[in-house]
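Q:
Protein chains in written order, with the working numbering: chain U, 188 to 836; chain Y, 259 to 884.
What follows is the structure in structure tokens.
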């Protein structure tokens, strides 16, 4: 049995949306995987709200204090607090034993399979308690009304919950009601009706202890207590005697005396110096034991783990999550895990990720995105730590080469939109073809993720001049081989290929990035950058002042000399030639260009000239697209609808 | 599962009785079987002991539940009474203790209704159904069907969904309507039934048909039900209707379920098909309880001949053995029958014997032009006050009687009845809740709480005052009426809408008259001793034990005792059994109630010719004269 879907209305970040008929609908409708679900997203994106909604609906094994407060009711954009909320989930995959146990609450899905619908409905009511105005109940059944679940059945639905700031040490040391004792007690080896073996072991030990005090060295102590004091204190008809033994040998008390230790490699118990991280691993292992042990358990086996990375260094995180991912079907439970860790998110299969963003949640499985299922495996390999920033960013620019990767941040900076301030991640996919990874942000249901994505790509049809100058292979088709209409069509095709509610594809007007720059008002900076680059291989050799002066002088000569008579295109070809002929490294050029751009005059008019340059327009559009939608952007699809109709660029 | 002598001893101590061999045999048996239990065999106690032991012994890991299914609520109460209060778990999850109707409703009909209609049914009972059905049958859309079928002496509200096909039919067994399904009348009738179903009004039969439809749609439900209930005990098996019998068998007659059906085939007075009066349940793989702990040997020997399936009865031997009597009367002396009965009770000093319950019972309640009824013997005999479970009444009378009828109504029950009355008043004034459903007590309460919280708290206060005043014996009619008026004012409706409802039709006492519910009791006195004799129908005393029972001859098609006299003398022909099945069963139930004294009241003309035979067979004849 697992949670197949979760719907939330007016709980915390999740408000309401409108359905196709314009009726009020759930603010969140989320389908979940049978096994692992990793909720990723920036702070305050609604991950905890999802976990908490399930805690409220199901309760937890450790009986954590979960209660609805007035603050949990959604506040809409007008600042009005809703006075009702509802959380609903559908449990599917019931075993035949579970179907028998939940029989009176079951219904069927469209395939005739058993499902269990659970709903929590809450309201703020003045007539509720004195201090608490929030009342709610949990019901189950096929219709909206539902029937109340008996407490015995609710027990079967509790989730195993690991809170974000786990005091793992505290949970594992022996004490009354320790988590370790609870977990052990619910393990089947401790579910015996007769006397448990451990009880006999303890009793034997107890006898030895008592014997030590009665007949061994301890006798003197007892004799002293009994002989010197109690004899005197007691009344004649009420004599006092004492003995010393281990208290309480019933199973529960024994389990509470136990402690889980980690052995070091010498096989000795490692005391005291166990770090938080190891304690956490130990603790998680213990909790998983509980989930796994009850093999024929007919209830829900669900682990809710908040910030699984807590206290663990990245390698441990990856190790732990990979273990869970690989073994979850064998372990036979469902896990819903939240994380802030890009390291962790990048190692999890994309189909197990759920992207949380501003009060909406997007499962990234193949049935939800437009990414073809074949690309899933590749994208996962491709995503390393840095690229997993993808899922924590406010917006994303996908570029096809190192030049754009290096240059765009400087350009953005120059026009006053520093990418880091807007939480933009820039990801170099190294190939035009792989820009299709943008499809991971494109939903099959056509809804917006609220994450603006810009794909920056080249028109890639060289001007005729490029061929005559020998910059491209002789058999390559150039602009002259196409009608102007066909060229516009090709651009339009490229632009529409990956576009969607949030995705903008920005295509260079003429050829490549370098060529556009060479045509633009920034051509001088590019010229300098290329000339400098040709002198320093990979920036290894230091650029001397003399050389810089020399290059600058050559620019002045060009500007006052043959460039005057040459057409702009001709000049651009000349500037780019070293790059196209691969005489200089594109990356080095981009680096040097960025430095020059940073030094460029920041006067209003200079900036304006860049912003309005027709050749830089596609880059400016891309930057504007990913920086214009503030983090406070649309949450529910209802509001998204508003933004998509408004021009977003 | 093994139950040993020690377990039995524990149960004997708990119940304060000694189980006989037959009973122990049943308690220890954990195979599917039929138990044929004679009247007074102590089957309920035995079953209770068995359930307790099963509950104790069932391993914890074994998560399946125990289902105890009866035909009537009375039997449910009997079983509950026998179980100690701490064993409440038999009625709670994952177990089920209730009637077959409640079982089918809970696990099939209600979930099925929710599946098909995405809401809960409004009511599953005949009274609620007929109330709405009659109202709806007068609506213009269905008037053609109504008149068409009425001319063929069929009321459309009696139409049912067929158990096997869910088509609309004359009854649950699918008796065809007698018209082509393409005719207007048939189409209208279908629409009418579907409208009722859609509104959520189901009669008892409809619930079975819906359950059966849901089961056909999802056959694996049967699997889940079997897995949930690995132990199933059915009490009153003999009274199950054909479809009830079918569904029990369909669900539970499989090797993996332990199914034990308990009953007395000779006491089947409900379930049999009235046309053929044949049993659906004939105990096959059977165990028997033949020893009655109820009646004396003197009675046992006289009445076993009334069994359709002859079972040797063993009564108790140590104690007062009173030969059964036949009181012979004529039209002039009929009113003296009850006095003679009273006199016999006092003469035998039975007021100190047995359980001190004395009843006079008969088949037919009222006298007809064709023949006698119970009220011919005692003209004060009338209908019982309505049972507390009833849904709604069209007049405040019903609610007044309800709050005063049960012996010890809890404040909660009274409060609920008052709320029901308010809800009914609103419904009669055509006021419905937000989702356009008629109000019920629960729905009204929830609605007020949500929409008019202030008025709700005021009403709550009033309700608690009214409950007080009812407990002190006076019904707050005016206050209730005013409250209804103010509720109606929310809907801009005037007090006239409920005027009729709040005007008691009968001269029902507004205050509690302790004798009002005892209209069926006749008090007879002789020599300073008085004895109370309660009059009732045979169906009404099913399962009861009396100290003395007077079985009154009444007329239904023919006089009943007249027809069974040959059986009492052993002079009946074998084929007589088939023609008298029904009469034999009711007579058997009637004659097996008393522990000490059984009297039959028979018309003089009917006894003529049988006197000698009866006397030879141990019956004492008493002729009444003025």
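Here a beta-carbon is modelled for each residue, glycine too, at the ideal position from N, C-alpha and C.
#1: Excluding five sequence neighbours on each side, which residues of the same chain lie with their C-beta closer than 6 Å to the C-beta of residue 594(Y)?
#2: Where does the unbroken alpha helix (DSSP H) through residue 763(U) begin, and where does it stop?
#3: Find the nearest neighbour of residue 306(Y) within the set 289(Y), 322(Y), 342(Y), judged by alpha-carbon distance.
#4: Can you give me the start and stop residues for the alpha helix (DSSP H) that residue 338(Y) sits inside?
#5: Quick one, which of 843(Y), 871(Y), 295(Y) has its alpha-carbon nearest residue 545(Y)'s?
#6: Just mark residue 676(U) as buried or exposed, buried being the case when its beta carbon has 16 or more other beta carbons within 10 Å.
#7: List, in order along the chain, the chain U residues whose C-beta lies closer than 8 Å to that of residue 376(Y)?
#8: Going along the chain, which residues of its own chain have a beta-carbon closer than 7 Å to the beta-carbon of residue 526(Y), five neighbours each way excluded?
#9: Any beta carbon from chain U within less than 9 Å of residue 321(Y)'s own beta carbon?
#10: Tell me the DSSP secondary structure of residue 828(U) in three-state form.
#11: Can you give me the C-alpha to C-alpha distance between residue 552(U) and residue 369(U), rounded to a whole angstrom?
#12: Specify, as a first and last residue, the run of the beta strand (DSSP E) that residue 216(U) falls within.
#13: Closer than 9 Å, CB to CB, is residue 481(Y) near chain U or not?
#14: Report all residues from its chain with a CB closer than 8 Å to the CB of residue 875(Y); omit the five preceding and five following residues, and keep chain order.
#15: What does DSSP give as the partner residues of residue 275(U) in its beta bridges?
#16: In angstroms, rounded to a whole number, what distance separates the CA positions of residue 514(U) and residue 351(U)?
#17: Which stretch, first to last residue, makes up the beta strand (DSSP E) that contains residue 476(Y)?
#18: Can you give the Cα-Cα distance for residue 709(Y) and residue 466(Y), rounded to whole angstroms?
#19: Is the CB of residue 357(Y) under 9 Å away from at least one CB in chain U?
#20: Ends of the beta strand (DSSP E) at residue 521(U)?
#21: Look up residue 573(Y) in the DSSP assignment and say whether it is helix, strand or coil.
#22: If contact means a Cβ-Cβ distance below 7 Å, which residues of the stretch 361 to 392 of chain Y contact chain U?
#23: Can you find the residues in the same chain that come closer than 8 Å, C-beta to C-beta, to residue 790(U), ignoring five residues on each side of it along the sequence?
#24: Grab the span of the alpha helix (DSSP H) containing residue 337(U) for me, first residue to last.
#25: With DSSP run on the structure shown, which of helix, strand or coil describes residue 294(Y)?
#26: What's the C-alpha gap between residue 766(Y) and residue 372(Y)?
#27: Are any of the Cβ atoms in chain U nearer than 9 Å to that of residue 475(Y)?
#28: Using a cut-off of 7 Å between C-beta atoms, extract the partners of residue 675(U) located in chain C.
#29: Which runs of the alpha helix (DSSP H), 4 residues or longer, sit entirely within the stretch 619 to 667 of chain U?
#30: Measure the C-alpha to C-alpha separation of residue 431(Y) and residue 217(U) and round it to an integer number of angstroms.
#31: So residue 373(U) contacts chain Y; which residues on that side make the cut at Cβ distance below 9 Å?
#32: Could you tell me whether the Cβ of residue 839(U) comes closer than 9 Å to any Cβ of chain Y?
#33: Can you tell me the Cα-Cα spacing of residue 670(U) and residue 606(U), whole angstroms?
#34: Please name the residue in 264(U), 584(U), 464(U) whose C-alpha comes closest to that of residue 805(U).
#35: Just to make sure I have the definition right: I need the residues of chain U whose C-beta is within less than 8 Å of the C-beta of residue 485(Y). Which are they?
#36: Got a sec: is the Cβ-Cβ distance from residue 829(U) to anything in chain Y below 9 Å?
A: Reading it off the structure:
#1: 882
#2: 755 to 767
#3: 342(Y)
#4: 331 to 340
#5: 295(Y)
#6: exposed
#7: 329, 330, 331
#8: 496, 497, 537, 843
#9: yes
#10: In this prediction, residue 828(U) has a pLDDT of 32, which is less than 50 and means its spatial position is unreliable; what the coordinates show is noted afterwards. Residue 828(U) falls in the helix class under three-state DSSP.
#11: 36 Å
#12: 215 to 218
#13: yes
#14: 560, 826, 827, 828
#15: 194(U), 306(U)
#16: 23 Å
#17: First-last for residue 476(Y): undefined, no H or E at that position.
#18: 37 Å
#19: no
#20: 521 to 526
#21: strand
#22: 364, 365, 369, 372, 373, 376, 377, 378
#23: none
#24: Run containing residue 337(U): none; DSSP gives neither H nor E here.
#25: strand
#26: Since pLDDT at residue 766(Y) reaches only 46, below the 50 mark, its modelled position is unreliable, and the value read off the structure follows with that caveat. Looking at the two C-alpha atoms, the distance is approximately 41 Å.
#27: yes
#28: Reference to chain C is not applicable here, since the protein chains of this structure are U and Y.
#29: 651 to 655
#30: 46 Å
#31: In chain order: nothing, as chain Y lies at least about 13 Å away.
#32: Limits of chain U in this structure are 188 at one end and 836 at the other, which puts residue 839(U) out of reach.
#33: 38 Å
#34: 584(U)
#35: 283, 284, 286, 287
#36: Interpretation of residue 829(U) is limited by its pLDDT of 31, a score under 50 that renders its predicted location unreliable; the figure taken from the coordinates is listed afterwards. No, no contact with chain Y.
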